[in-house]
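So the structure is just underneath, and the comments pick up after that.
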Amino acid sequence: MGTKILTSSGHGFENECREIHDSWGRLNHLVPSMAGWSKLEKQQIRKTYRAMYGEDMAALLQKMQSQNGSKVCAALYRWMVDTHERDAIVAREAFGQGDVNYRALVEIFVGRKSSHVSLIKQAYYARFRRHLDQEIINLEPPHPYQKILVALATSHKAHQEDVSQHIAKCDARRLYEAGEGSSRGAIEEAVVLEILSKRSIPQMKLTLSSYKHIYGHEYTKSLKNAKYMEFEDALKVVMKCMCTPPTYYAKVLYAGIKGTTSDNGALARVMISRAEVDLYEIQRVFKRRYGMELKDAICESIPSGDYRDFLAAIASTTTVITSHNSVSL
Numbered sequence: 016m017g018t019k020i021l022t023s024s025g026h027g028f029e030n031e032c033r034e035i036h037d038s039w040g041r042l043n044h045l046v047p048s049m050a051g052w053s054k055l056e057k058q059q060i061r062k063t064y065r066a067m068y069g070e071d072m073a074a075l076l077q078k079m080q081s082q083n084g085s086k087v088c089a090a091l092y093r094w095m096v097d098t099h100e101r102d103a104i105v106a107r108e109a110f111g112q113g114d115v116n117y118r119a120l121v122e123i124f125v126g127r128k129s130s131h132v133s134l135i136k137q138a139y140y141a142r143f144r145r146h147l148d149q150e151i152i153n154l155e156p157p158h159p160y161q162k163i164l165v166a167l168a169t170s171h172k173a174h175q176e177d178v179s180q181h182i183a184k185c186d187a188r189r190l191y192e193a194g195e196g197s198s199r200g201a202i203e204e205a206v207v208l209e210i211l212s213k214r215s216i217p218q219m220k221l222t223l224s225s226y227k228h229i230y231g232h233e234y235t236k237s238l239k240n241a242k243y244m245e246f247e248d249a250l251k252v253v254m255k256c257m258c259t260p261p262t263y264y265a266k267v268l269y270a271g272i273k274g275t276t277s278d279n280g281a282l283a284r285v286m287i288s289r290a291e292v293d294l295y296e297i298q299r300v301f302k303r304r305y306g307m308e309l310k311d312a313i314c315e316s317i318p319s320g321d322y323r324d325f326l327a328a329i330a331s332t333t334t335v336i337t338s339h340n341s342v343s344l
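Anchor point for the sequence shown: position 146 equals 161 in the working numbering, and the numbering is continuous, going up by one each time.
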């Protein structure tokens, strides 16, 4: 299945927009090329389409999704919107009608810069007339993930941009004393939450690196103790997402492909959100851990159709997208 990467800027994207306009209802032949669009190309095509036809491509895809429940339209809709809009949508759906998808929220607050999180919150309020932070605070019943997310949300508003090796060493020692170095036999949640609420993600990464250097093993290893409870389990997931995102996301993708997770939207969510961030590295980890290419795993396990073709095309074109328009969030 070939893909067409749009690179011409001399004529704009009028020809591509005409092709899309003439193909509504039969997008299957456009799916591979759409998966190859970079962030900049998607923005330009969406803008050109609106100028030519007076309609928003993303809104049309959303309408098609709501009308026929199409998984590929849902995926294409998220693919076409700006990243902060997409994250706002993901956050809203994470609250759902039943169990909260805490991992989807963790991925947002751990995997995005503070400037981007601010845009997510603005987009969330603009779309849903609700404050994202307050939504998390108001969750019932209380949950360990909720405590950690509140701390992370606070850190995005209050932290210093610069990282400090001295602070990292001090925080590493505090984490040790509040955990495996404590005689209490359980983590002192207040200490961990205080550190999380005051430090940026880069600072926390440096702290966890210092922890390994000082104590000879990863902080998450200390969280595997059988006597620990739900808070420790949630903290372990957050720290893995923070420190080793390619490994974390490779596991999420594998579970989504094999259907061994209740997080039904995880596969498309991760493929789309990480495509211009680190999907290439995630694919390398995926192959090393599971012995096969991500694209091959998708084609082997996902039923044939436009949705599978779209995900497989993203996997195929990740290298091109990354080199064409590298994004670090």
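C-beta: ideal position from N, C-alpha, C; glycine also.
The model shown is predicted, which means the values in this text are computed figures rather than measured ones.
Distance check for Y234 and A241, CA to CA, integer angstroms please.
Here the question's residue 241 lines up with position 226 in the sequence shown. Here the question's residue 234 lines up with position 219 in the sequence shown. For A241, the predicted model reports a pLDDT of 48, less than 50, meaning its position is unreliable; a value from the coordinates is still stated below. Spanning the alpha carbons of A241 and Y234 requires a straight line of approximately 15 Å.
Apart from the five residues on each side of it in sequence, which residues of its chain come closer than 7 Å, Cβ to Cβ, to Y230?
Your numbering for residue 230 matches position 215 in the sequence shown. The residues are Y191.
Distance check for G113 and C88, CA to CA, integer angstroms please.
Residue mapping note: residue 88 aligns to position 73 of the sequence shown, counting from 1. Residue mapping note: residue 113 aligns to position 98 of the sequence shown, counting from 1. If I take the Cα positions, the gap works out to 24 Å.
Run through DSSP, which three-state label would I35 get?
Walking along the sequence shown from the start, residue 35 turns up at place 20. Under the three-state reduction of DSSP output, I35 falls in the helix class.
Is Q218 closer than 8 Å to V178 when the C-beta atoms are compared?
The count along the sequence shown starts at 1 and reaches residue 178 at position 163. The count along the sequence shown starts at 1 and reaches residue 218 at position 203. Yes; because the gap between Cβ atoms is below 8 Å, this pair is in contact.
A73 versus D97 - alpha carbon distance:
Sequence index remark: in the sequence shown, residue 73 carries index 58 (1-based). Sequence index remark: in the sequence shown, residue 97 carries index 82 (1-based). Rounded to whole angstroms, the separation of the alpha carbons of D97 and A73 is 10 Å.
Nearest-angstrom Cβ-Cβ length linking F246 and Y269, presumed shorter than 8 Å
Locating residue 246 in the sequence shown gives position 231, where the first residue counts as 1. Locating residue 269 in the sequence shown gives position 254, where the first residue counts as 1. Not quite, the Cβ-Cβ distance comes to about 26 Å (not below 8 Å), so this is no contact.
Could you pull the start and end residues of the alpha helix (DSSP H) that A116 belongs to?
Position 101 of the sequence shown, counted from the start, is the residue given in the question as residue 116. This sequence places Asn at residue 116; Ala is not what is there. First-last for N116: undefined, no H or E at that position.
Would the beta-carbon of I297 fall within 8 Å of that of Y264?
Residue mapping note: residue 297 aligns to position 282 of the sequence shown, counting from 1. Residue mapping note: residue 264 aligns to position 249 of the sequence shown, counting from 1. Contact flag set, yes.
Residue span of the alpha helix (DSSP H) that contains P47, given as start and end:
As a working note, residue 47 is residue 32 in the sequence shown. Its alpha helix (DSSP H) spans residues 46-50.
Touch test, the segment 202-215 against the segment 164-173, Cβ-Cβ under 8 Å, three pairs minimum:
Counting C-beta pairs with one atom in each stretch, the segment 202-215 and the segment 164-173 have three or more that are closer than 8 Å, which means they touch.
For E29, tell me which candidate among L223, E56, M95, R118 has the shortest Cα-Cα distance.
Position 14 of the sequence shown, counted from the start, is the residue given in the question as residue 29. Among L223, E56, M95, R118, the Cα nearest to that of E29 belongs to E56.
Quick one, are the C-beta atoms of T3 and G51 less than 8 Å apart?
Since the first residue shown for the chain is 16 and the last is 344, residue 3 is missing from the structure and cannot be characterised.
Which residues bound the alpha helix (DSSP H) around Y269?
As a position in the sequence shown, residue 269 is number 254, starting the count at 1. Looking at the DSSP string, the run of the alpha helix (DSSP H) that includes Y269 is 260-273.
Indicate whether H99 and L134 have their beta-carbon atoms separated by less than 8 Å.
By one-based count along the sequence shown, residue 99 stands at place 84. By one-based count along the sequence shown, residue 134 stands at place 119. Between H99 and L134, the gap from beta carbon to beta carbon is short of 8 Å.
Is the beta carbon of N153 closer than 8 Å to that of D278?
As a first step, residue 278 is located in the sequence shown; it is residue number 263 there, counting from the start. As a first step, residue 153 is located in the sequence shown; it is residue number 138 there, counting from the start. In this structure, D278 keeps its C-beta atom at 8 Å or more from the C-beta atom of N153.
Please report how far the alpha carbon of I60 lies from the alpha carbon of R93, in whole angstroms.
Against the sequence shown, residue 60 aligns to sequence position 45. Against the sequence shown, residue 93 aligns to sequence position 78. Our two residues, I60 and R93, have alpha carbons roughly 15 Å apart in a direct line.
Determine whether the beta carbon atoms of A103 and R142 lie at a separation below 8 Å.
Position 88 of the sequence shown, counted from the first residue, corresponds to residue 103. Position 127 of the sequence shown, counted from the first residue, corresponds to residue 142. A contact, by the Cβ cut-off of 8 Å.
Would you kindly check if the distance between the Cβ of K310 and the Cβ of A330 is under 8 Å?
By 1-based counting over the sequence shown, the position of residue 330 is 315. By 1-based counting over the sequence shown, the position of residue 310 is 295. Yes. Within cutoff.
For V96, the three-state DSSP class (helix, strand or coil)
Taking the first residue of the sequence shown as 1, we reach residue 96 at position 81. Annotated three-state conformation of V96 is coil, per DSSP.
If I'm right that K220 touches C256 with Cβ under 8 Å, what's the distance once you round it to whole angstroms?
Start at 1 with the first residue of the sequence shown, and residue 220 comes out as number 205. Start at 1 with the first residue of the sequence shown, and residue 256 comes out as number 241. The pair is not a contact, with the Cβ atoms about 11 Å apart (cut-off 8 Å).
My assumption, with CB atoms under 8 Å, is that A106 sits in contact with L120. Please give the rounded CB distance.
Taking the sequence shown and counting its residues from 1, the one referred to as residue 106 is at position 91. Taking the sequence shown and counting its residues from 1, the one referred to as residue 120 is at position 105. Confirmed, Cβ separation roughly 6 Å.
Nearest to I216 (by Cα), restricted to the options G27, K128, C314, A66:
To locate residue 216, count along the sequence shown from 1; it is residue 201. Taking only the C-alpha atoms, the option nearest I216 is K128.
Check each candidate in P47, D37, E195, S224 and name the one with the smallest Cα separation from A327.
The residue you call residue 327 lines up with position 312 of the sequence shown. Considering only P47, D37, E195, S224, the residue with the shortest C-alpha distance to A327 is P47.
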